[in-house]
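In what follows, a structure is listed as structure tokens, so that the remarks can point back to it.
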Amino acid sequence: MSSTVPRRGDRVHVEGADSGPSPRSTVPADGWADRLAAARPDEFASVFHRALTDDFGAVARLHQMLEAASEWCRTHGVRGSASELDTLTDRLTDLGEELHLVGESLDHEIHSRSRRTAAAARVSPAVAVSGHPMGRQAPAPDLISPSAVR
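Mapping of the sequence shown onto the working numbering: residues 46 to 195, in sequence order.
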């Protein structure tokens, strides 16, 4: 899966009044933090991706705002700030790509962990019947109490 963070020169769909909101963008920006915090392990990677690195995620939206601000600055002769905004836009693109990779990594880690947890939860038939793993015996009960030996 490739990153959806745009590079300079890429055109990114900007939601307009005529297009209506995207179904994927209906959660307010401040709602994503709550959704991430409340996500179950099996859905966390997907929520992380939608919130941050998706086409309508926080990184893409901030990218669009920085590009628009840079263009405004250029149009109005504020070239120094336009240049600084371009630099920040490039850094944000790199950050977005890193976040995308982190998202893939955490998805893999979560799935690996859940497989290990599921495997550990399975009980072997020998343990289920005797309560002890096969090949190991329960310790013999003490016939004489330790206080009686003294």
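Quick reminder that beta carbons are idealized off the backbone N, C-alpha and C, glycines included. If you're wondering where the values come from, they're calculated on a predicted model, not measured in any experiment.
The DSSP-derived three-state label of Val123 is coil. Here Leu81 has Phe89, Val92, Phe93 and Ala96 as same chain residues with Cβ atoms under 8 angstroms from its own Cβ, once five neighbours each way along the sequence are excluded. Check the Cα spacing between Glu149 and each of Asp99, Arg85 and Trp77: the tightest is with Asp99. Distances from the CA of Pro86 to each of Ala166, Ala164, Arg136 and Ser157 were compared; the closest alpha carbon is that of Ser157. By the 16-neighbour rule on beta-carbons within 10 angstroms, Ala105 is buried. Collapsing the DSSP output to three states places Gly148 in a helix.
Apart from the 5 residues on each side of it in sequence, Ala84 sits with its Cβ closer than 6 angstroms to the Cβ of Val92 in its chain, given in chain order. The continuous stretches of alpha helix (DSSP H) do not include Phe101, and DSSP gives it neither H nor E. Across the set Trp117, Ala103 and Glu154, the C-alpha of Ala103 shows the shortest separation from the C-alpha of Thr138. The C-alpha of Asp131 lies about 20 angstroms from the C-alpha of Leu144. When DSSP states are grouped into helix, strand and coil, Arg167 belongs to the coil group.
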